[in-house]
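In this note's numbering, the protein residues as written are 6 to 76.
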């Protein structure tokens with residue numbers, strides 16, 4: 006599963022994957038990133054098919070997207 010983000014300025018970014026119950030599955034990034042375009046690949050081979058939440062958080066905004074994983 007690919008996750009693409011675009012940063013307009015240098016900022017702290019946390020990208021985390023949660024299951025539908027809210028359990029943290031994996032942290033893809035938890036550091037300061039420079040301005041630019043970033044692609045993250047979530048290796049979901051060790052999790053079951055289902056609905057997952059992708060949370061992207063900066064100091065000023067939080068984005069949550071729902072994703073369906075089918076195998």
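The beta carbon of each residue, even a glycine, is placed where N, CA and C say it ideally should be.
Give the DSSP-derived three-state secondary structure of residue 54 in the structure shown. Residue state, collapsed to three classes: coil.
Looking at the unbroken beta strand (DSSP E) that takes in residue 72, where does it start and where does it end? That run of the beta strand (DSSP E) goes 67–74.
Verify the CB distance criterion: does residue 36 have a CB-CB separation below 8 Å to chain B? The displayed structure is made up of one protein chain only, and chain B is not part of it.
I need the straight-line Cα distance from residue 56 to residue 26, nearest angstrom please. Distance from the CA of residue 56 to the CA of residue 26, rounded to the nearest whole angstrom, comes to 10 Å.
Taking just the CA atoms, how far does residue 7 sit from residue 19? The straight-line gap from Cα to Cα measures roughly 16 Å.
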